[in-house]
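Written out below as structure tokens is the structure these notes cover.
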Amino acid sequence: IAARVTDGPLKGRRVLVTSGPTHEPIDPVRYIANRSSGAQGTAIAEALAVQGADVVFVTGPADTKRPGGVEVIEVQTAAEMAAAVDAALPVDAAICAAAVADWHVVGAGNSKIKKDGSGKLPVLEFAENPDILAGLSRPGPRRPALVVGFAAETDDVIGHATAKRERKGCDWILANDVRPETGVMGGGENAVTLISAAGAEEWPRMRKREVAKKLVARIVDELGAGETGRKD
Ligand code: CTP
Ligand code: CA
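Count along the sequence shown from 1, add 173, and you get the number used in the UniProt record's numbering.
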């Protein structure tokens, strides 16, 4: 496990990383969730720490090894993740790698839903979760100087990711093709395209750890080594 170094180019920079899935309870014994191993978010947190950043790592339930030298905040639901992110501000940069559930179940309570023997099926009502990335990207005094999101897509990856970047207002989006045949979900490699105001830049397929290093090198360039204070 990488330990945080105290004199890297990101020394004095506070960086937030969200990672893993969120779990939205249906009742005390059941939940809905996204597929996410947390591997890419963990690798990014580690790579940031290696460059000297003060990393706040907000993670949903994932069984990846916790990154070393970072502050780890464990959450279950999207609402808890949003609250933890809010409490971590202000930060210089935020990287949203979490696969946040888009909806939660309304009225999930403390009693287990039982089969009552009649064959009657339960009906779940959903409500939308807060969009953490869009919230971070909103202009204002608490907006990080750099906000980065991911876009996991299965069709027209670049088209959807470009639209997503504009809709959410973040600075960069890392688009990845998560069609099952790519093996990206749950695998050790990732193939991403970095989308910024300057356009789309396709990166070769590489280990998630290498994607993390390349992203962090970009963050170092963007935040400017040695500079202090945020840009807002
Ligand atoms: N995200 C977030 N909070 C949410 C939903 C998504 O912070 N409630 C972030 C993810 O961490 C990711 C980015 O938004 O960085 C894109 O997530 P994605 O699920 O691809 O986008 P959505 O806007 O939810 O669109 P959809 O699932 O309909 O494609
Ligand atoms: Ca989503």
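We put the beta carbon where it would ideally sit given N, CA and C, even for glycine.
None of these values were measured; they are calculated from a predicted model.
With 16 other Cβ atoms within 10 Å as the buried cut-off, status of residue i
i	result
Leu294	exposed
Gly399	Confidence at Gly399 is low in this model, with a pLDDT of 49, below 50, so the placement of that residue should be treated as unreliable; the coordinate-derived value is given next. Gly399 should be labelled exposed.
Lys285	exposed
Ala348	buried
Gly225	buried
Ala370	exposed
Asp227	buried
Asn283	exposed
Glu298	exposed
Distance, residue j Cα to residue i Cα
i	j	result
Leu183	Val389	9 Å
Pro314	Gly181	27 Å
Glu354	Val330	15 Å
Ala272	Gly359	13 Å
Ser192	Cys343	17 Å
Ala270	Pro317	16 Å
Lys238	Asn207	19 Å
Asp236	Phe230	14 Å
Thr250	Asp289	28 Å
Segment limits, beta strand (DSSP E) that includes residue i
i	result
Ala206	203–206
Gly359	Run containing Gly359: none; DSSP gives neither H nor E here.
Ala266	266–269
Whole-angstrom C-beta distance between residue j and residue i, which should lie under 8 Å
i	j	result
Asp265	Asn302	About 26 Å separates the two Cβ atoms, so there is no contact after all.
Pro240	Glu219	4 Å
Asp350	Glu375	Not a contact, Cβ separation roughly 11 Å.
Ala258	Leu221	Contrary to the premise, residue 258 reads as Val rather than Ala in this sequence. At roughly 16 Å, the Cβ-Cβ gap does not stay under 8 Å, so Val258 and Leu221 are not in contact.
N-terminal and C-terminal residue of the alpha helix (DSSP H) that residue i is part of
i	result
Ser369	Unbroken run through Ser369 is the beta strand (DSSP E), 365–369; no alpha helix (DSSP H).
Check your reading: residues with Cβ closer than 7 Å to ligand 2 heavy atoms: Val273, Asp275
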